[in-house]
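Numbered according to the working numbering, the sequence shown spans residues -11 to 249.
Note that CB positions come from ideal geometry on N, CA and C, so glycine has one too.
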Amino acid sequence: HPPRSKGAQSEPQPEPEAQAKSEPQTPDVVPTPPEKPTELEPESPGTAPTPPEKPAEGGQEGGGEKMLPDPRSADVPATTMPQEETACRERLKALGVEFEEHKAEQDPEIGCSIPYPIVIKTLSNSIGIAPGAELNCRMAEAVAGFAANVIQPAAKAEFGADVKSIGQASGFVCRPRHGTRKLSEHAFGNALDIASFTLADGKKVEIGPTPPEKDAEFLDKVRKAACGPFKTVLGPGADPDHALHFHLDLEPRRHGGTFCQ
């Protein structure tokens, strides 16, 4: 390394070598110190790719063409309905939920599957849902319980009126998550999108970026309370896809964690 002997006079040998490799034309020692921190700094943000993965779990970001496998895609109905499914239906009846059985959903190519779907027509004796939502029984039970225990009391407290009906935007939809390689929870009937609430006095509360003040207080209360009973809660402000509805799902997460935005 004869050409590098000059730099070795002012700095230890490792520095001139690094300098000579990156900038052979600049023998100055001054650029070398700035370049070392610059190399170290990208390493700490190197962890930054991890946060983007969180939205991907919640259904926001990612990319790719081939779908990632999901064990639930292999679920097919048995000859006899399992006891847990029949027990779930009994609990729905006790809650006053009206529902109809639906034929099994399965698309091996995409990976969508609900072995024992139901279409819910009402969430209780007093709360309707329109249009009817196709869900798995466990999700239907979670929505019905949440409507009775959280949504209805919140509406009474804020508006002095009962919720008469919930407007839903989608239940079962056989598709991947937007821009990701993962299947949507909708593909398993494990998610519901809520767009509006209609009260007994005719008032309609719509989910959006800038609702009126009273509506905003009610929606905020419902949204916060949903985090826990549901494993994913997304809405206005989370991303453009959820600007006009609340997305609620029961995605299985490690250690029972939640993703709420």
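Pairwise C-alpha distance: residue j and residue i
{"i": "A231", "j": "E194", "result": "11 Å"}
{"i": "K209", "j": "T67", "result": "43 Å"}
{"i": "K81", "j": "A128", "result": "11 Å"}
{"i": "G244", "j": "F185", "result": "29 Å"}
{"i": "P70", "j": "R211", "result": "33 Å"}
{"i": "V76", "j": "L238", "result": "For clarity, residue 76 is Cys in the given sequence; the question names Val instead. Approximately 15 Å, taken between the alpha carbons."}
{"i": "R163", "j": "D58", "result": "13 Å"}
{"i": "S101", "j": "H174", "result": "10 Å"}
{"i": "R242", "j": "G99", "result": "21 Å"}
{"i": "Q94", "j": "E146", "result": "42 Å"}
{"i": "P172", "j": "K191", "result": "Note on identity: in this sequence residue 172 is Ser, with Pro being the wrong assignment. Distance between the alpha carbons of S172 and K191: 32 Å."}
{"i": "H166", "j": "P96", "result": "19 Å"}
{"i": "P228", "j": "G216", "result": "23 Å"}
{"i": "A179", "j": "R60", "result": "14 Å"}
{"i": "D189", "j": "T246", "result": "35 Å"}
{"i": "E201", "j": "K54", "result": "44 Å"}
Beta-carbon separation (whole angstroms), residue i vs residue j, contact threshold 8 Å
{"i": "V161", "j": "L187", "result": "That belief does not hold up - the Cβ atoms of V161 and L187 are roughly 28 Å apart, past 8 Å."}
{"i": "D181", "j": "A142", "result": "Going by Cβ atoms, the distance from D181 to A142 rounds to 19 Å, so no, they are not a contact pair."}
{"i": "I106", "j": "F87", "result": "4 Å"}
Nonlocal neighbours in the same chain, by C-beta distance under 7 Å from residue i, ignoring five residues either side
{"i": "A213", "result": "V138"}
{"i": "A250", "result": "The structure shown does not extend to residue 250, since the chain is modelled only from -11 to 249, so the question has no answer here."}
{"i": "E89", "result": "I106"}
{"i": "A62", "result": "none"}
{"i": "G120", "result": "V107, I108 and K109"}
{"i": "E73", "result": "Y104 and C125"}
{"i": "E78", "result": "none"}
Extent of the continuous beta strand (DSSP E) run through residue i
{"i": "F160", "result": "Careful: F160 lies outside any beta strand (DSSP E) and carries neither H nor E."}
{"i": "P119", "result": "G116 to L123"}
{"i": "F147", "result": "Looking at the DSSP string, F147 is not in any beta strand (DSSP E); the run it does join, the alpha helix (DSSP H), is Q140 to F147."}
{"i": "A179", "result": "A179 to L187"}
{"i": "L80", "result": "From DSSP, L80 is part of no beta strand (DSSP E) but of the alpha helix (DSSP H) over Q71 to A82."}
{"i": "I106", "result": "I106 to T110"}
{"i": "H235", "result": "F234 to D237"}
{"i": "L171", "result": "Where L171 is concerned, there is no enclosing beta strand (DSSP E), given that its DSSP letter is neither H nor E."}
{"i": "Q249", "result": "No beta strand (DSSP E) holds Q249; DSSP gives it neither H nor E."}
{"i": "E93", "result": "E93 to D95"}
{"i": "F87", "result": "E86 to E89"}
{"i": "L222", "result": "T220 to L222"}
{"i": "I102", "result": "C100 to I102"}
{"i": "K54", "result": "No beta strand (DSSP E) contains K54, which DSSP labels as neither H nor E."}
Selection from the options that minimises the alpha carbon distance to residue i
{"i": "A323", "options": "P217, G196 and P105", "result": "Outside the shown range of the chain (-11 to 249) lies residue 323, about which nothing can therefore be said."}
{"i": "E205", "options": "S101, K144 and E173", "result": "K144"}
{"i": "F218", "options": "G155, P164 and R126", "result": "R126"}
{"i": "P65", "options": "H90, P103, N124 and E97", "result": "P103"}
{"i": "I115", "options": "A121, V85, R169 and V107", "result": "V85"}
{"i": "A135", "options": "E122, G148 and S153", "result": "S153"}
{"i": "L123", "options": "H166, E201 and G177", "result": "G177"}
{"i": "G155", "options": "R60, L111, C215 and K202", "result": "L111"}
{"i": "G148", "options": "P240, D203, H235 and K54", "result": "D203"}
{"i": "L236", "options": "T198, A130 and K54", "result": "A130"}
Cβ-based neighbour list, residue i, same chain, cut-off 8 Å, excluding 5 preceding and 5 following
{"i": "H233", "result": "A157, D181, I182, A183, I195 and G223"}
{"i": "P199", "result": "V193 and L207"}
{"i": "P240", "result": "K219"}
Opening and closing residue of the alpha helix (DSSP H) in which residue i lies
{"i": "V210", "result": "E201 to A214"}
The ligand MG heavy atom lying under 7 Å from the CB of residue i
{"i": "K81", "result": "For the ligand MG, the structure offers nothing, since it holds no ligand at all."}
Close beta carbons around residue i, own chain, < 6 Å, minus the five adjacent residues each side
{"i": "L56", "result": "R169 and K170"}
{"i": "Q140", "result": "V151"}
{"i": "C248", "result": "C215 and V221"}
{"i": "A92", "result": "P65 and P103"}
{"i": "F159", "result": "A quick correction: the sequence has Gly, not Phe, at residue 159. Taken in chain order, the residues that qualify are A121, E122, L123 and L180."}
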